[in-house]
Amino acid sequence: MRTPICNFCAKTGALCPEDSKKLKAGQISQLDVESSVKLTKLAEKDKVIDKLTLVKALRSNGEIILLLGSGNLKTLRMNPQSIESINRAFGTKVWLFEADISDRKLLEEVFYPVRVLTVNMVWLPDGSKLTKVVLPSFKGLEGKVDENVIKRVLKTLRGLDVMIEYERRTAP
126 MRTPICNFCA KTGALCPEDS KKLKAGQISQ LDVESSVKLT KLAEKDKVID
176 KLTLVKALRS NGEIILLLGS GNLKTLRMNP QSIESINRAF GTKVWLFEAD
226 ISDRKLLEEV FYPVRVLTVN MVWLPDGSKL TKVVLPSFKG LEGKVDENVI
276 KRVLKTLRGL DVMIEYERRT AP
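Quick note, the sequence shown lines up with residues 126 to 297 if you use the numbering used here.
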């Protein structure tokens with residue numbers, strides 16, 4: 126398990142002078158430290174988690190966002206019990222993303238397993254931009270996607286203002 130703090134600090138929960146400097150300088154956050162310790166403890170029992178790289182941890186209205194290294198999400202998705210143990214360890218909903226993905230890929234990950242049909246940028250008269258995401262229109266899907274939570278997570282993570290729409294199907 127690789128984390129923003131050294132392995133010794135992640136295992137003991139006490140910061141060495143070098144990691145203390147990083148924390149004071151703002152290079153890492155207290156949440157990065159806490160997340161590193163929790164994930165390192167989980168990694169001792171779970172070999173899938175042991176292969177992960179934690180890049181950054183963020184908080185969004187009580188929920189945790191973990192930014193992982195490249196390729197980590199695919200490995201985790203093949204092991205849902207590892208994802209479940211991460212959620213249990215944090216005691217809240219944990220959003221898992223790869224740190225180095227594009228905005229389009231991020232949107233696809235947020236809505237997974239629902240397929241994103243289109244992503245468009247809408248420029249508003251005040252100069253700001255809105256990201257419009259179109260999802261397929263499945264019966265009952267509208268109630269399954271918590272739009273407010275997703276909008277808040279995307280705003281925290283990348284500063285994206287998102288508008289979610291559902292595909293309109295016309296009768297033949």
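Heads up, the beta-carbon is just placed ideally off N, CA and C, and yes, glycines get one too.
V259: not part of any alpha helix (DSSP H); member of the beta strand (DSSP E) spanning K254 to L260, first to last residue. By the C-beta criterion, the stretch 214-234 is judged to be in contact with the stretch 191-199, since at least 3 inter-stretch pairs fall below 8 Å. V287 is a Cβ neighbour of V258, given a cutoff of 7 Å. Rounded to the nearest whole angstrom, the CA to CA distance from F215 to S160 is 8 Å.
Between A182 and M126, the beta carbon gap of about 14 Å keeps them out of contact (Cβ cut-off 8 Å). In the structure shown, R127 falls within a strand segment according to DSSP collapsed to helix, strand and coil.
Membership of S185 in the beta strand (DSSP E) is indicated by the continuous run L179 to S185.
Excluding residues up to 5 positions away in sequence, R277, V278 and T281 lie with their Cβ nearer than 6 Å to the Cβ of S185 in the same chain.
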